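In case it helps, the working numbering puts the sequence shown at residues 7 to 235.
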Amino acid sequence: MRISIHQPHYLPWLQLVYKIIISDIFVFLDHVSYSKNDWVNRNKLKNSNGTFILTIPVEKSNGCSIKETRISGNDWRNKHLKSFYYNYNSAKYFDEIFPFLDGIYKRKWTYISEINYEILIWIVDFLKLNVKIIVSSELGLSSLKNDMLIDICKLTNSSEYITGKYSYHNYLDHDLFKANNINIKPIEWKCPIYKQCHNKNGFIPDLSIFDLFMNHGYKSKDILLKSIL
């Protein structure tokens, strides 16, 4: 089994979705500590000025896990919905994608992991992916870092671990994976070029998956698979 493991992203960016597409199992890593410098509660999209970032405000985490990190207030929901409307209403697949976002932003959310999980499940369904989603907080893990990754691979009977090139070279203990008969598969990611809105700014790579969805809808999976593994 081929597995990928990653912290949940809000409106996940293209490379993460690509990694999920080529996986048999994806682990939604929500039991690790929340970091305000990551993309758990924010992501980047395109507008007439170039790019903009949508951020869900969260309460001070004080070392809380992602699963325990609470959203602060509700004013952001209308702002995010309007941002999608005004920046993407001319996109070819806007009418297919916007109703989902409208439903998401009309709901009240307590935890950042909840909205991220709901969006992830919708993405998997929209792209008709044959991937099993596992939530790490349900696995009863106590190990850390590389040992945690090994434990997850063993619990899921996975023999191949998909990772980005940076993690492959900087974080992973290759000897430990080899000792546990787990092959590491690094991704050679190159963002595919696709038609976007706001053409005067040229093509901007590595945005949220929803930039691709708005412009290419159901063809998004095929476009992502043009990337190099």
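Glycine is no exception: its CB is placed at the ideal position from the N, C-alpha and C atoms.
In this text the structure is predicted, and so the values were computed from the model without any measurement.
Exercise for the section: Please classify residue 7: is it buried, with 16 or more other beta-carbons within 10 angstroms of its beta-carbon, or exposed? Expected result: As a first step, residue 7 must be located in the sequence shown, where it is residue number 1. Exposed: under 16 other Cβ atoms inside 10 Å.
Practice task
Tell me residue 166's beta-bridge partners as DSSP assigns them.
Solution key: Taking the sequence shown and counting its residues from 1, the one referred to as residue 166 is at position 160. Residue 166 is bridged by DSSP to 8 and 189.
Exercise for the section: Please work out which residues of its chain come closer than 7 Å, Cβ to Cβ, to residue 182, disregarding the five sequence neighbours upstream and downstream, and give them in chain order. Expected result: Position 176 of the sequence shown, counted from the start, is the residue given in the question as residue 182. Answer for residue 182: 152 and 156, listed in chain order.
Practice task
Indicate the three-state DSSP secondary structure (helix, strand or coil) for residue 235 in the structure shown.
Solution key: The sequence position of residue 235 within the sequence shown is 229, counting from 1. Annotation note: pLDDT 45 at residue 235 (below 50); position unreliable, coordinate value reported separately. Collapsing the DSSP output to three states places residue 235 in coil.
Handout entry: Where residue 73 falls, given that 16 or more other Cβ within 10 Å makes a residue buried
Key = Numbered from 1 along the sequence shown, position 67 holds the residue referred to as residue 73. Answer is buried; the Cβ neighbour count reaches 16.
Handout entry: First through last residue of the alpha helix (DSSP H) which encompasses residue 127
Key = By 1-based counting over the sequence shown, the position of residue 127 is 121. Counting along the chain, residue 127 sits inside the alpha helix (DSSP H) bounded by residues 118–132.
Exercise for the section: Please name the residue in 134, 159 and 205 whose C-alpha comes closest to that of residue 187. Expected result: What you label residue 187 is simply residue 181 of the sequence shown in a count that begins at 1. Distance check between residue 187 and each of 134, 159 and 205 places 159 closest, using alpha-carbon atoms only.
Handout entry: residue 14 vs residue 36 beta-carbon contact at 8 Å
Key = The residue labelled residue 14 in the question sits at position 8 within the sequence shown. The residue labelled residue 36 in the question sits at position 30 within the sequence shown. Yes, the pair counts as a contact, with Cβ atoms nearer than the cut-off.
Problem - Run of the alpha helix (DSSP H) containing residue 110, from where it starts to where it stops - result: Looking up residue 110 in the sequence shown gives position 104. Its alpha helix (DSSP H) spans residues 100–112.
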